[in-house]
Every structure is written in C-alpha cells, then in structure tokens.
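This report concerns only the one structure given below.
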Amino acid sequence: MSQLWEVFVRGRRGLSHVHAGSVHAADAQMALRNARDVYTRRGEGVSIWVVPSSQITASTPDEKDPFFDPSADKVYRHPTFYNLPEEVRQM
Amino acid sequence: MSADLQTQFDALIDADERIEPRDWMPDAYRKTLIRQIAQHAHSEIIGMQPEGNWITRAPSLKRKAILMAKVQDEAGHGLYLYGAAETLGVDRAELLDLLHTRKQKYSSIFNYPTISWADVGAIGWLVDGAAITNQVPLCRCSYGPYARAMIRICKEESFHQRQGFEILLTLSNGTPAQRGLAQDAVNRWWWPSLMMFGPPDADSPNSAQSMAWGIKRFSNDELRQKFVDMTVPQAGVLGLTLPDPELRFDEETGHHHFGEIDWTEFYQVVKGNGPCNEQRLRHRVRAHEEGAWVGEAAAAYAAKQASREGVAVA
Numbered sequence: 021m022s023q024l025w026e027v028f029v030r031g032r033r034g035l036s037h038v039h040a041g042s043v044h045a046a047d048a049q050m051a052l053r054n055a056r057d058v059y060t061r062r063g064e065g066v067s068i069w070v071v072p073s074s075q076i077t078a079s080t081p082d083e084k085d086p087f088f089d090p091s092a093d094k095v096y097r098h099p100t101f102y103n104l105p106e107e108v109r110q111m
Numbered sequence: 058m059s060a061d062l063q064t065q066f067d068a069l070i071d072a073d074e075r076i077e078p079r080d081w082m083p084d085a086y087r088k089t090l091i092r093q094i095a096q097h098a099h100s101e102i103i104g105m106q107p108e109g110n111w112i113t114r115a116p117s118l119k120r121k122a123i124l125m126a127k128v129q130d131e132a133g134h135g136l137y138l139y140g141a142a143e144t145l146g147v148d149r150a151e152l153l154d155l156l157h158t159r160k161q162k163y164s165s166i167f168n169y170p171t172i173s174w175a176d177v178g179a180i181g182w183l184v185d186g187a188a189i190t191n192q193v194p195l196c197r198c199s200y201g202p203y204a205r206a207m208i209r210i211c212k213e214e215s216f217h218q219r220q221g222f223e224i225l226l227t228l229s230n231g232t233p234a235q236r237g238l239a240q241d242a243v244n245r246w247w248w249p250s251l252m253m254f255g256p257p258d259a260d261s262p263n264s265a266q267s268m269a270w271g272i273k274r275f276s277n278d279e280l281r282q283k284f285v286d287m288t289v290p291q292a293g294v295l296g297l298t299l300p301d302p303e304l305r306f307d308e309e310t311g312h313h314h315f316g317e318i319d320w321t322e323f324y325q326v327v328k329g330n331g332p333c334n335e336q337r338l339r340h341r342v343r344a345h346e347e348g349a350w351v352g353e354a355a356a357a358y359a360a361k362q363a364s365r366e367g368v369a370v371a
C-alpha cells in the first residue's frame with residue numbers, strides 16, 4: 021500500500037534541507053520522483069530527502085515547557101549576558 | 058486539564074501565533090479546517106477539468122505548453138492541500154471518497170463549461186484573480202500547514218493570472234471575431250467569479266467563528282469588493298467591458314459600486330444543478346477508478362522489491 025513520506029528540500033548548495041510537505045508513494049524511489057514533481061517544479065531544489073512519516077520521532081507539544089526548560093534559565097549562554105567595558109568596542 | 062489546553066490554544070490564537078499539527082485544538086477548529094482544506098483541495102483537482110478541456114486544442118505549441126504547466130500546478134496545489142489536511146488526522150483516500158460520494162463540495166465555479174479558447178483566458182484572469190484575492194490572506198491563517206501550503210500556491214497563482222490576462226489581451230487586439238470571443242468569455246465568467254467569494258456577510262453564519270480562530274482574515278464582502286476594485290481598471294486595459302450596467306466608481310466611498318448578484322443561481326449550482334456538476338464528478342470518479350491499477354502496480358512492485366532485498370514490507 022502507498023505510505024506517507026515527509027519531504028525535505030535543499031534549496032541550493034550551502035543550505036540545509038528544509039521540510040517542504042509530504043507525498044504518498046509505494047516506495048522510496050517513487051516518493052523521490054513524486055516529491056520532485058510536487059515540490060520542485062520551478063527550480064526550488066537541488067537535493068531532496070524523503071523519510072517515511074512513521075519513522076519520525078517528535079517531541080510532544082504537551083511537554084513543551086518541561087522539555088525545553090533546561091535551556092531557559094541559562095542566560096549566561098548568551099553573549100549579551102556579559103557586560104564589557106566601554107573601551108572594548110567589539111568582541 | 059481540558060480547560061488548561063483551551064486556555065493555551067486561545068493564548069496562541071490571541072498572540073497571532075500558529076497552531077501546529079501536534080498541538081491540542083478544539084474539535085470544532087479541527088473539523089472546520091478539515092472541511093475547508095479538503096474543499097479547497099477538491100477545487101484544485103476538479104479545476105483541472107475545465108482547462109484540461111483545451112489542452113489538445115490550444116492555438117499554438119507555446120500556449121499548449123503553458124496550459125499543461127498550469128494544469129499540472131493545479132494538481133500540485135491539490136496535493137499540497139491534501140497533505141496539509143492529512144496533518145489533521147484524516148487520510149487523503151477518505152477525503153477523495155467524500156468528494157466522490159458528494160459529501161464534500163468543491164468551488165462551484167468549476168461547474169461552468171469552457172466553450173471557447175477565450176474561456177481559458179477568462180479563467181486565468183478572473184477565476185484565478187478571485188482565487189488569489191481569497192488566498193493571499195490565507196497565507197496568514199492560524200493553522201501552520203495550511204498557511205505554508207497557501208504561500209506556495211499564491212506564488213504559483215500569479216503566473217496563472219498573468220497568462221490568462223495575456224490570452225485575453227492577445228484576443229482583444231486580434232480580429233473582430235477574436236475580440237468577440239474574449240468579450241463573450243468575460244461576459245460569462247464575470248458574475249460567477251464574484252460568487253466565488255461566497256454569500257453576502259449577512260448570510261454567512263460561520264464566518265464570525267472562522268475570523269475569531271484566525272482562519273479567515275477578511276469577510277466575503279470585503280474580499281469581493283477588493284477584487285472588483287482591482288479588476289475594473291484591468292478590464293479597461295484589455296479594452297473589454299464587464300457585464301454590469303450598474304458598475305461605476307463611487308467617489309464618496311472610493312470603491313466601485315456593482316450590481317446585485319444573482320444568488321439564486323449561486324445556490325442552484327451549489328446544490329448540484331449547475332451546467333457541469335454531473336460531468337465534473339463523473340469524470341473525477343472515472344479517472345479515480347480507471348487509474349487505480351497504477352497505485353496497485355506500484356504497491357506490488359514495491360512489495361516484490363522489498364521481499365527480494367529481504368526487508369519486511371512496511
């Protein structure tokens with residue numbers, strides 16, 4: 021049976037693949053061809069990844085707060101946390 | 058718990074943030090979106106038929122290539138939208154069944170026939186023009202996948218509208234007979250295009266809720282007025298008239314005043330009594346049934362390959 025694939029497209033060299041949408045296909049080769057026809061009709065990509073949707077593990081929005089909390093209280097990870105003397109113009 | 062989730066959802070909507078597939082959302086929000094996105098997707102693929110009608114009879118190879126590209130885009134738009142609908146937990150096959158069994162609708166505009174080549178021009182200019190007016194605000198719709206699909210679609214629609222305008226411009230500057238075809242097509246497509254924005258605000262009971270949810274950004278009447286204001290000057294450039302004796306620019310409001318729309322016709326076509334309702338649906342079902350072997354063959358091939366590689370079939 022046809023299954024659902026998530027499509028990721030690299031817009032041009034130097035950029036990473038970005039999620040574009042999904043396609044139905046019976047196998048990976050067909051998913052690639054369908055993805056090309058559906059998502060790159062106007063030169064939108066130089067490379068495509070297809071991944072069976074069922075193979076993606078995602079964080080759940082419900083636990084969004086606890087899951088991402090550890091990074092929220094570490095302001096010292098940002099350069100703006102540090103006060104520099106006036107004389108140091110750039111760092 | 059549910060109250061908490063509702064509060065979180067409301068806060069996201071109030072902050073004009075996007076709702077994403079795995080977020081909690083009220084059932085009614087999900088249902089409204091599934092219905093709207095599916096209907097939109099159905100419109101895209103049914104919309105391939107009136108124009109597909111002219112592919113083999115396009116007046117030149119250039120026009121034929123352009124028309125094929127446009128019809129392929131409509132198929133692509135349908136697929137983006139079915140994909141967006143599937144993120145809400147429905148399957149594309151279910152949605153197609155609902156279309157085929159007349160439980161879901163598509164835009165009534167596609168129930169009108171394309172009787173001359175000029176109709177391809179009028180569809181691009183007026184029908185795609187009205188669609189763009191409707192769709193640009195949907196790029197900011199509160200449901201992320203729908204909004205992202207609309208951004209893609211709007212970029213591509215702009216080619217559609219221009220090619221239609223160019224067809225009409227060429228005909229309008231051609232022989233008197235060609236000019237006559239262009240005028241006739243515009244006469245037939247003008248009013249149905251205005252109906253594409255849906256019933257007047259007073260008769261559109263679901264609009265308020267869709268606005269509150271950030272699915273809809275402008276009312277039917279606002280969008281219709283916007284379309285008329287944009288289109289009237291373009292008709293002037295084409296040297297064609299619009300079939301409305303009441304049409305005039307109102308200095309006071311700064312908008313074009315237009316005549317009364319025949320809503321009886323609109324509801325007749327919605328109910329299935331338009332000139333092509335039967336033909337469109339019959340053709341769609343036939344294509345679906347006669348094309349089923351392609352999917353089956355692909356699945357059989359995939360299963361055979363997988364078994365040869367000794368991989369369990371998913």
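Those protein sequence lines, which keep their order, are chains A and B.
So the mapping is simple: this note's numbering equals the position in the first sequence, first residue as 1, plus 20.
So the mapping is simple: this note's numbering equals the position in the second sequence, first residue as 1, plus 57.
Glycine included, every Cβ here is placed at the ideal spot set by N, Cα and C.
Source: prediction; values computed, not measured.
Residue i versus chain B: which residues are under 9 Å apart at the beta carbon?
| i | result |
| --- | --- |
| P99/A | By Cβ distance, chain B contributes nothing, its closest Cβ being about 27 Å from P99/A, past 9 Å. |
| L35/A | What L35/A touches in chain B: nothing, since even the nearest Cβ is about 17 Å away. |
| M50/A | A355, Y358 and A359 |
Which residues of chain A have a Cβ atom closer than 8 Å to the Cβ of residue i, listed in chain order?
| i | result |
| --- | --- |
| Y137/B | G41 and V58 |
| D319/B | Simply none; closest approach about 38 Å. |
| Q362/B | D47 |
| G140/B | G41, S42 and V43 |
Decide if residue i is buried, meaning its Cβ has at least 16 other Cβ atoms within 10 Å, or exposed.
| i | result |
| --- | --- |
| S199/B | buried |
| L118/B | exposed |
| Y96/A | exposed |
| K127/B | buried |
| D301/B | buried |
| T190/B | buried |
Can you give me the Cβ contacts of residue i inside the same chain, cut-off strictly under 7 Å, excluding the 5 residues immediately before and after it?
| i | result |
| --- | --- |
| A371/B | Unreliable positioning characterises A371/B in this predicted model, as indicated by a pLDDT of 49, which lies under 50. A coordinate reading is not provided. |
| L62/B | W81 |
| R32/A | V66 |
| I194/B | The amino acid occupying residue 194/B in the given sequence is Pro; Ile does not appear at that position. Closer than 7 Å at the Cβ level, and outside the excluded window around P194/B, lie R274 and F275. |
| M105/B | V128, E131 and A132 |
Interface residues of chain B around residue i at Cβ under 7 Å?
| i | result |
| --- | --- |
| P86/A | Those do not exist, as P86/A stays about 14 Å from chain B at its closest Cβ, beyond 7 Å. |
Just the C-alpha distance for residue i and residue j, rounded to the nearest angstrom, thanks.
| i | j | result |
| --- | --- | --- |
| V351/B | H345/B | 10 Å |
| P233/B | F315/B | 28 Å |
| D47/A | F28/A | 16 Å |
| Q115/B | N244/B | The sequence given here has Ala at residue 115/B, not Gln. Rounded to the nearest angstrom, the two C-alpha atoms are 21 Å apart. |
| Y102/A | D89/A | 22 Å |
If the cut is a Cβ gap below 7 Å, which residues of chain C does residue i touch?
| i | result |
| --- | --- |
| A359/B | The structure shown has no chain C; the protein chains it does contain are A and B. |
Along chain B, which residues have their Cβ under 8 Å away from the Cβ of residue i?
| i | result |
| --- | --- |
| T80/A | R79 |
Whose C-beta lies closer than 8 Å to the C-beta of residue i among residues of the same chain, with five residues either side of it excluded?
| i | result |
| --- | --- |
| S173/B | L238, D241 and A242 |
| T144/B | P78 and P202 |
| D286/B | H312 and H313 |
Residue i touches chain A at which residues, Cβ-Cβ below 7 Å?
| i | result |
| --- | --- |
| R149/B | H44 |
Could you tell me how far apart the beta carbons of residue i and residue j are, in whole angstroms, since I believe they sit closer than 8 Å?
| i | j | result |
| --- | --- | --- |
| V294/B | H313/B | Their Cβ separation, rounded to whole angstroms, is 15 Å, which puts V294/B and H313/B out of contact at 8 Å. |
| R149/B | H39/A | Wrong, their Cβ atoms sit about 18 Å apart, outside the cutoff. |
| F167/B | R337/B | 6 Å |
| S100/B | F323/B | Not a contact, Cβ separation roughly 15 Å. |
| T171/B | E108/B | 7 Å |
| V177/B | I102/B | Going by Cβ atoms, the distance from V177/B to I102/B rounds to 18 Å, so no, they are not a contact pair. |
| W246/B | V184/B | 7 Å |
| M252/B | I318/B | 6 Å |
Please list the partners that residue i has in chain A, where partner means a Cβ-to-Cβ separation under 9 Å.
| i | result |
| --- | --- |
| A68/B | Residues of chain A passing the Cβ test: none, with the nearest at roughly 13 Å. |
| G352/B | M21, S22, H44 and A46 |
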